[in-house]
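Just so it is clear: in the first sequence, position 219 is 308 by the working numbering, and no numbers are missing.
Using N, Cα and C, we set each Cβ at its ideal position, and we do this for glycine too.
All values reported here derive from a predicted model rather than from experimental measurement.
Comments concern the structure below.
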Amino acid sequence: MKIQIQQLIAQALESIASQGVVPVDQIPEPVIERTRDNRHGDFACNIAMVLAKIARSKPRDLAEKIIAALPPSELVAKVEIAGPGFINFYLGESAYHSLIPQIIAKGHDFGRSELGKGKRVQVEFVSANPTGPLHVGHGRGAAYGAVVADLLQAVGFDVHREYYVNDAGRQMDILATSVWLRYLELCDETLTFPVNGYKGDYVWDIAATLHRENGEAYKHSSEEVFRDVPADEPAGGDKEKHIDGLINSAKHLLGDNRYRFVFELGLNTILDDIRDDLSLFGVNYEEWYSERSLTESGAVNRTIERLRASGHLYENEGALWFRSTDFGDEKDRVVVRDNGQSTYFASDIAYHMDKLERGFERVIDVWGADHHGYVPRVKAALQALGDDPSKMDVLLVQFAILYRGGEKVQMSTRSGEFVTLRELRKEVGADAARFFYVMRKCEQHMDFDLDLAKSQSSDNPVYYVQYAHARVCSVLAQAAEKGINIDISEGAANLERLSEAHELALLTSLSRYPEVVESSAMNEEPHQLTQYLRELANEFHTYYNAHQFLVDDDALRDARIKLILAVRQVLRNGLGLVGVSAPERM
RNA sequence: GCCCCUGUAGCUCAGCAGGAUAGAGCAUCCGCCUCCUAAGCGGAAGGUCGUGCGUUCGAAUCGCGCCAGGGGCGCCA
Numbered sequence: 090m091k092i093q094i095q096q097l098i099a100q101a102l103e104s105i106a107s108q109g110v111v112p113v114d115q116i117p118e119p120v121i122e123r124t125r126d127n128r129h130g131d132f133a134c135n136i137a138m139v140l141a142k143i144a145r146s147k148p149r150d151l152a153e154k155i156i157a158a159l160p161p162s163e164l165v166a167k168v169e170i171a172g173p174g175f176i177n178f179y180l181g182e183s184a185y186h187s188l189i190p191q192i193i194a195k196g197h198d199f200g201r202s203e204l205g206k207g208k209r210v211q212v213e214f215v216s217a218n219p220t221g222p223l224h225v226g227h228g229r230g231a232a233y234g235a236v237v238a239d240l241l242q243a244v245g246f247d248v249h250r251e252y253y254v255n256d257a258g259r260q261m262d263i264l265a266t267s268v269w270l271r272y273l274e275l276c277d278e279t280l281t282f283p284v285n286g287y288k289g290d291y292v293w294d295i296a297a298t299l300h301r302e303n304g305e306a307y308k309h310s311s312e313e314v315f316r317d318v319p320a321d322e323p324a325g326g327d328k329e330k331h332i333d334g335l336i337n338s339a340k341h342l343l344g345d346n347r348y349r350f351v352f353e354l355g356l357n358t359i360l361d362d363i364r365d366d367l368s369l370f371g372v373n374y375e376e377w378y379s380e381r382s383l384t385e386s387g388a389v390n391r392t393i394e395r396l397r398a399s400g401h402l403y404e405n406e407g408a409l410w411f412r413s414t415d416f417g418d419e420k421d422r423v424v425v426r427d428n429g430q431s432t433y434f435a436s437d438i439a440y441h442m443d444k445l446e447r448g449f450e451r452v453i454d455v456w457g458a459d460h461h462g463y464v465p466r467v468k469a470a471l472q473a474l475g476d477d478p479s480k481m482d483v484l485l486v487q488f489a490i491l492y493r494g495g496e497k498v499q500m501s502t503r504s505g506e507f508v509t510l511r512e513l514r515k516e517v518g519a520d521a522a523r524f525f526y527v528m529r530k531c532e533q534h535m536d537f538d539l540d541l542a543k544s545q546s547s548d549n550p551v552y553y554v555q556y557a558h559a560r561v562c563s564v565l566a567q568a569a570e571k572g573i574n575i576d577i578s579e580g581a582a583n584l585e586r587l588s589e590a591h592e593l594a595l596l597t598s599l600s601r602y603p604e605v606v607e608s609s610a611m612n613e614e615p616h617q618l619t620q621y622l623r624e625l626a627n628e629f630h631t632y633y634n635a636h637q638f639l640v641d642d643d644a645l646r647d648a649r650i651k652l653i654l655a656v657r658q659v660l661r662n663g664l665g666l667v668g669v670s671a672p673e674r675m
């Protein structure tokens, strides 16, 4: 609808430009807005005010000329000049009535568009290290990334969802070593667990599997394991050196094959758990991209060579540095450590280079806000490699703080005391969790009220919207019981009977849906959609309370049923995009 | 110290490529089920948009300073 109005204005502008009222080359794209107040009509355009200076005439005079030049349209019932020079459009009721058969005919596709023209977009999100189960912090990134991806797909982008699996590096070695130490404890070895090891119960579980299936095949005495290992922090040593020593012990005592086995067991167990967890959360990927594969395929080395060849690397104190300050970073960064190991950053550059090499026109990374410092250096690297860093967008998601009974839920990753995503799903359900996570702008610090998410009342926005859907279904079931035939093939027949203020308000909201989807997608702001769904549900509930649908007047009843069918369709489509179910009964 | 995010009603938040009287939900108060699910609806009350300048016809929205809260600044991942 908005587009049609925009076209009318554009034509009018062309026409007055050809009359020489304004210079042809200075006509901006006309901006059409929904009016905030329906006394100002349905749409408003401020073009006359914008152009007044250029045309050297008063906004209201200019507006008059534009209106005179407007081509006739069936949509528009009335056009007025208001205030300082707004051009207000009033649509005819028939414009809204004709929307209903459109929505019903398009069904699931109503609101979808081809705006993205099939452009390939990659969305990488969550990508948590597989060193433990996902926690509620990852949940927000998961929900947000998933909805952004779905929205982009809905407006016609070719979307590729990806999880970057950090299956290499020191953290994974720490996990493998933690598992092994727990295993040794299960073999009745006595030892002091390292401060820096992973202490969660899931580590015990993996160790138990190792023990159950392999007996004592991986056993070594703790004395042997801890021999020559530098002291841990509580013993006056350095916790980093201590854990590195233990990793070396593990590699040395177990040998390549057995160490690899423990390592893989840990990795696979956790990764399977993460996959399962996300899938139950309605989050699915086209690809799980292995970091290790970047090293194994030589991509990391290739990247480093390319950087070296283009003169962006230098050596200092035994390490290899990338001169990221040349591209606006605040300091240079190490890509290869003095021990010869490439850094996580080196893999990251290789990964992002690979993304662009795979031909994505746009690459979106959803990161936790704590990673914001990495943005300049990754972009710097892409630039150094001759790629276009503007193809990469990083969406930073702020943390969520859980509240239960009005109290902050304390969490600490270090001690292993965090609320997992799985626990959250169990407590409030996947629907509520998904909806709550995307209800707020991603850069907004979020207070997640567990009690509210659980409450089965209209206070809970998820139930509120779902209930509207269920209510429509209930009315339709009621109609079926009474043997009322709903013939949706009749197009706009009887729809002229919809003239109540509540009905027109609902129709206006329905007409906004495609605009909301487009705006949510293009701005990566799912909260616009949840906000809209709440408004639509509210208008439906109001209508429901004010009018009876299953009335004796056949034509009126038919029109009303068609209207609520359209409402149901839009609620269903919108909830679908958020990843929330649309129950038929509650 | 530097960088990022945030500051709008008692609480949680919308609104921010400048535009017409700043919105919603919760909480508070007053009403509405012999009628399609009251998991619902209506009404009232509630705000110098953190603060000071500036840009302009017009600023919650843009710029700069200041104040307050959160996060980040490793040869960690």
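- Unbroken alpha helix (DSSP H) stretches of 4 residues or longer found wholly inside the stretch 636 to 671: 643 to 667, given in chain order.
- Exclusion of the five residues before and after Ala521 leaves Ala542 and Val551 as the residues of its chain whose Cβ lies within less than 6 Å of its Cβ.
- The residues Lys91, in chain order, have a CB closer than 6 Å to that of Glu604 in the same chain once the five nearest residues on each side in sequence are set aside.
- Scanning its chain for C-beta atoms nearer than 6 Å, with the 5 sequence neighbours on each side dropped, one finds around Asp239 the residues Leu666, in chain order.
- Distance between Asp321 and Ser338, taken at the CA atoms: about 15 Å.
- Along the stretch 368 to 411, the beta strand (DSSP E) occurs as fully enclosed runs of 3 or more residues at 376 to 379, 402 to 405 and 408 to 411, listed in sequence order.
- Excluding residues up to 5 positions away in sequence, Val605, Ser608 and Ser609 lie with their Cβ nearer than 8 Å to the Cβ of Gln617 in the same chain.
- The beta-carbon distance between Ala648 and Leu587, rounded to whole angstroms, is 5 Å. This is short enough to meet the 8 Å contact definition.
- A residue is called buried when at least 16 other Cβ atoms come within 10 angstroms of its Cβ; His460 does not meet this threshold and is exposed.
- With contacts defined as CB atoms closer than 8 Å, Val389 and Ala458 fail to qualify as a contacting pair.
- The DSSP-derived three-state label of Lys167 is strand.
- Rounded to the nearest angstrom, the gap between the Cα atoms of Lys167 and Arg601 is 20 Å.
- Given a length threshold of 4 residues, each whole run of the alpha helix (DSSP H) inside the stretch 291 to 337 is given here in chain order: 311 to 315.
- Between Asp427 and Ala469, the C-beta spacing is not below 8 Å.
- Shortest Cα-Cα distance from Val210 to any of Ile192, Val248 and Arg259 involves Val248.
- A Cβ-Cβ separation of about 7 Å places Glu532 in contact with Leu485 under the 8 Å criterion.
- In this structure, DSSP gives Lys468 a helical state, which the three-state scheme calls helix.
- Burial check for Asp548: the Cβ neighbour count within 10 Å stays below 16, so the residue is exposed.
- Rounded to the nearest whole angstrom, the C-alpha separation of Lys515 and Thr509 is 10 Å.
- Minimum Cα-Cα distance from Gly245 among the listed residues Ile573, Asp198, Ser563 and Pro173 corresponds to Asp198.
- The beta carbon of Arg395 sits closer than 7 Å to those of Leu474, all from its chain and outside the five residues before and after it, given in chain order.
- The continuous alpha helix (DSSP H) containing Ala435 extends over residues Tyr433 to Glu446.
- The three-state secondary structure of Ile490, taken from DSSP, is strand.
- Residue state for Asn177 is assigned as strand, using DSSP reduced to three classes.
- Put simply, the stretch 210 to 225 does not touch the stretch 123 to 134. Fewer than three CB pairs are less than 8 Å apart.
- In this model, Ala439 and Thr392 are separated by some 6 Å (Cα to Cα).
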